[in-house]
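Chemist: Here it is, the structure in full.
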Amino acid sequence: MSGAVRVGLVGYGFAGSVFHAPVITSVPGLELTKVVERRSAKSKARYPWVEVVHDAADLYADDAIDLVVVTTPSTDHFTFVRDALLAGKHVVVEKPFTPTAKEADELIRLAREQGKVLSVFHNRRFDGDFLTLRELLRQELLGELMEAEFRWDGFDPVLRSTNWREGSEPGTGVFYDLGVHLLDQALRLFGAPASIAGDVRMQRANATAHDYFDVVLQYDSGFKLRLKSSKFIREPLPRYALYGTKGAFVKYGIDPQEQALIGGAQPSAVRGWGKEPREQWGKLNTAVGGLRVEGVVETIPGSYMDYYRNVMEHINGQAELEVKPEEARLAIQLIELALQSSRDGRALPVPFAEASPIS
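Structural data, given as structure tokens:
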């Protein structure tokens, strides 16, 4: 096919209304056409042209819909993605892909059989800080990496809500919700590790889903990458900290796109979208041509629109798919290994360690 891609959105909760609909409607060539909302029609207030239906089956039966975007809780991803593929639709699904690698394998197989595109919304590949970090590594400005730490912290010591993310079903908890982003970034930059050691816990009173993780990825080169998240970090720690034979890069803060979207911004209407203020730029301390260099590095502007633009171009046969389902599946397998490692109290070998970096 070529030309406009008509989109049906399943779910208009936080993910659907904040991260997907505004980005989809900011990409020329994507047409948000129909939205599934079970008990409301909130999407029409912002997108008055859309048709609201209350059952996903109405979306699947619509021959005019080319791409279905699934933004339901992760506990339901498998069923919605399966049904959309069986209906002959291309599919984007919110992360995490599925609670288990086995379910991911089944969906990947089904997408191939149906001849349809399947991708997972790993939007954090399009964060400005990650794009900047990737470019620093591409230019080898840190030399050979020895160790690094990626963190996603906050201060929320009292469990107040009982939403699905805090539930006890498979696919819930901070490791699936946030850890999967860090794992995807690790695979993107460095490939699969040789071993993984996980410490995944429930720290807050009355928690039923894990709210803390400390996961170490060990590579054959000797490089060690630590991924961490805690709800008890009141004083911010670096988001990224990398140390190599030439120097170091340390970066604080979160990509500004998220807060802008939460605030109701429309990416296509904001000049300089994704541009980060100077005070949040990362610090580089390294050597270039025998000279000591120390200073800040301007953050490359992030763009979640690039994710959806790539999906559209791939559907139209114009580009290779940026986020492949097989890559998202590897992140789920690492989650399963880390959870097993945490239960066993020992590091575990990674059976797919021969996988090369995705970038």
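Okay, so the sequence shown: first residue is 1 according to UniProt numbering, each after it adds one.
Just so you know, even glycine gets a beta-carbon here, dropped at the ideal spot from N, CA and C.
Since we're looking at a predicted model, the values are computed, not measured.
What's the gap between the Cα of G222 and the Cα of H210?
Modeler: Cα to Cα, G222 sits roughly 29 angstroms from H210.
Chemist: Between V311 and S119, is the Cβ-Cβ spacing less than 8 angstroms?
Modeler: Taking 8 angstroms as the Cβ cut-off, V311 and S119 qualify as a contacting pair.
Chemist: Nearest by alpha-carbon distance to D156: which of E94, G302, Q203, E279 is it?
Modeler: Of the listed residues, the one whose Cα sits closest to D156 is Q203.
Chemist: Would you please state the rounded distance, in angstroms, between the beta carbons of T71 and V5? I believe it to be under 8 angstroms.
Modeler: At roughly 17 angstroms, the Cβ-Cβ gap does not stay under 8 angstroms, so T71 and V5 are not in contact.
Chemist: Out of G3, A186, K324, point me to the one whose CA is closest to D66's CA.
Modeler: That would be G3, whose Cα lies nearest to the Cα of D66.
Chemist: Taking the continuous beta strand (DSSP E) assigned at I196, which residues delimit it?
Modeler: From DSSP, the beta strand (DSSP E) with I196 extends over 195-201.
Chemist: Among G8, V158, V7, P22, which residue has its Cα nearest to the Cα of Q259?
Modeler: For Q259, the nearest C-alpha among the options comes from P22.
Chemist: With DSSP as the reference, identify every bridge partner of G167, one or two as the case may be.
Modeler: Partner(s): none; G167 has no beta bridge.
Chemist: Would you list, in sequence order, the uninterrupted alpha helix (DSSP H) runs of no fewer than 4 residues that lie entirely inside the region 298-358?
Modeler: Entirely contained in the region 298-358, the alpha helix (DSSP H) runs reaching 4 residues are, in chain order, 305-315, 325-344.
Chemist: I'd like to check one pair, L225 with A186: are the Cβ atoms closer than 8 angstroms?
Modeler: Yes. Within cutoff.
Chemist: Which value, in whole angstroms, describes the spacing of the CA atoms of Q114 and F190?
Modeler: If I take the Cα positions, the gap works out to 32 angstroms.
Chemist: Whole angstroms is fine: what's the gap from W281's alpha carbon to S303's?
Modeler: Between W281 and S303, the C-alpha separation is close to 17 angstroms.
Chemist: Spatial neighbours of A338 within its chain, please: CB distance less than 6 angstroms, with the 5 preceding and 5 following residues excluded, ordered by chain position.
Modeler: For A338, where only same-chain residues beyond five positions count, the Cβ hits under 6 angstroms are I196, G198, V215.
Chemist: Thinking C-alpha only, which one of R201, E298, R239 is nearest S341?
Modeler: Closest option to S341, Cα to Cα, is R201.
Chemist: Relative to the alpha-carbon of R46, which residue among T286, N285, Q266 has its alpha-carbon at the smallest distance?
Modeler: When only C-alpha atoms are compared, the closest one is Q266.
Chemist: Output needed for P325: all residues of its chain with C-beta closer than 8 angstroms, excluding positions within five of it in sequence on either side, in chain order.
Modeler: So the list reads F97, A104, L107, I108, A111, L118, S119, V120, once near-sequence residues are dropped.
Chemist: Using CA coordinates, which residue listed in K102, V81, K42 is at the minimum distance from Y60?
Modeler: Among K102, V81, K42, the Cα nearest to that of Y60 is on V81.
Chemist: Here's the rule: buried if 16 or more other CB atoms are within 10 angstroms of the residue's CB, otherwise exposed. What is K102?
Modeler: Exposed, by the Cβ-count rule.
Chemist: Do you know how far the Cα of L30 is from the Cα of D220?
Modeler: One C-alpha to the other measures close to 43 angstroms.
Chemist: Please list, in chain order, all residues of the same chain as L131 whose beta carbon is under 6 angstroms from its beta carbon, the five residues on each side excluded.
Modeler: Result list for L131: I300, in chain order.
Chemist: From L32, V69, D153, pick the residue whose C-alpha is nearest to that of Y252; which is it?
Modeler: Nearest option by C-alpha distance: D153.
Chemist: Please state the DSSP three-state secondary structure of H181.
Modeler: Of the three classes helix, strand and coil, the one that applies to H181 here is helix, per DSSP.
Chemist: I need the DSSP call for G8, collapsed to helix, strand or coil.
Modeler: It is a strand residue.
Chemist: Buried or exposed: H54, going by 16 or more other Cβ atoms within 10 Å of its Cβ?
Modeler: The residue in question, H54, is exposed, as its Cβ has fewer than 16 Cβ neighbours within 10 Å.
Chemist: Quick one, are the C-beta atoms of L183 and A347 less than 8 angstroms apart?
Modeler: No, these two residues do not count as a Cβ contact at 8 angstroms.
Chemist: Compare the beta carbon distance of T75 and G143 with 8 angstroms and say whether it is the shorter of the two.
Modeler: Cβ atoms of T75 and G143: not closer than 8 angstroms.
Chemist: Find the nearest neighbour of P28 within the set L321, A319, Y308, judged by alpha-carbon distance.
Modeler: Minimum Cα distance to P28 is reached at Y308.
Chemist: Classify V296 as buried or exposed, calling it buried when 16 or more other Cβ atoms lie within 10 Å of its own Cβ.
Modeler: That one is exposed.
Chemist: Buried or exposed for Q333, going by 16 or more other Cβ atoms inside 10 Å?
Modeler: Buried, since its Cβ has 16 or more Cβ neighbours within 10 Å.
Chemist: To which residues of the same chain is I358 closer than 6 angstroms at the C-beta, ignoring the five residues directly before and after it?
Modeler: Only weak support exists for where I358 lies, its pLDDT of 47 falling under 50; the coordinates are left without a value.
Chemist: Comparing C-alpha positions only, which one of S40, K283, P193 sits nearest to G247?
Modeler: Answer by Cα proximity: K283.
Chemist: Would DSSP call G16 helix, strand or coil?
Modeler: Note: G16 maps to helix in three-state DSSP.
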